[in-house]
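Numbering (the working numbering), first residue to last: 44 to 335.
A quick write-up on the structure given underneath.
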Ligand code: 0GY
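Written out as structure tokens, the structure reads:
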């Protein structure tokens, strides 16, 4: 593990908020253990191991039923740790993989059988080397044949340049962490309004109202981030997901208490109907193909 890397919270509180039955934590990761699943040589950080057993225990502790496990950059395009976790979880998890553009349909089908339903395109420069857009489009074409979707991770200043590319993607596109707004600028700033307009103009764009701990300037209890997530849930109730982002890679300022993150859900989605859509109906439709 890197010297300045912060491990996940050892003992998160039990949230006061009780999620609806069947709730899905739609953004979390497994890391290693490195002894079984070594980190990629191309990685930009070396995390603390965060194995599947810890993730499943956290899921139960927080009152959730299912996980969407997202391949993180420190594992590169080797999805073995992800697949291992998906197989162990059975029907209680689905995955988002990161794949090489030259991946075959047979290899994608193996991932599909393990529970993968999406690929992630990462544009965050501190995490990955640049991938040519033509390579991403090649992957997009292949995965669209399996009816998967695409998860994208970028930072707010990059959106304007990315829009034409994102509009070429042939599937649902889920934007991580609300497109990482600069919360100091406020919801009315043109950068966040560009993101809202982008969602309004393109019905295939979804977003995760996640990561207040990463976006907040004030720190816990993250009041400066709530207006952003609240606005997106209100405007696009059927195109939002929520996740813990456990084990919170690369947090420098502090490590959040996952129980406190769950307690924010009622502030983000103020009615039971919105909470059910956010935590159950939307992820169950997107990842399990279920309608209620
Ligand atoms: C997140 C955020 C981060 C890391 C990764 O793939 C990754 O390594 O996603 C980050 O450092 O902002 O969503 O987990």
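Quick reminder that beta carbons are idealized off the backbone N, C-alpha and C, glycines included.
Three or more pairs of CB atoms, one per stretch, sit closer than 8 Å, so the stretch 295-312 contacts the stretch 259-268. Assignment of residue 302 by DSSP, reduced to helix, strand and coil, places it in the helix class.
Within the stretch 91-146, the complete alpha helix (DSSP H) segments of 4 residues or longer fall at 95-105, 123-132, listed in chain order. Secondary structure remark: continuous alpha helix (DSSP H) runs of at least 4 residues inside the stretch 215-246, in chain order: 233-244. Rounded to the nearest whole angstrom, the C-alpha separation of residue 208 and residue 176 is 8 Å. Counting the other Cβ atoms within 10 Å of the Cβ of residue 111 gives 16 or more, which makes it buried.
Residues 195, 250 of the same chain have their beta carbon placed closer than 6 Å to that of residue 218, with the five preceding and five following residues left out of the count. In this structure, residue 70 lies away from residue 332, with their beta-carbon atoms at least 8 Å apart.
Ligand 1 has a heavy atom closer than 7 Å to the beta-carbon of residue 167. According to the DSSP assignment, residue 249 belongs to no alpha helix (DSSP H) but to the beta strand (DSSP E) extending over 248-251. For residue 193, the beta-bridge partners assigned by DSSP are 162, 216.
Here DSSP, grouped into helix, strand and coil, assigns residue 170 to coil. In the three-state scheme derived from DSSP, where H, G and I count as helix and E and B as strand, residue 179 is classed as helix.
Straight-line spacing of the CA atoms in residue 123 and residue 129 works out to 10 Å. The count of Cβ pairs closer than 8 Å, one atom from the stretch 315-327 and one from the stretch 72-84, stays below three, leaving the stretches out of contact. Distance from the CA of residue 134 to the CA of residue 95, rounded to the nearest whole angstrom, comes to 14 Å. In the DSSP assignment, residue 67 forms a beta bridge with 109.
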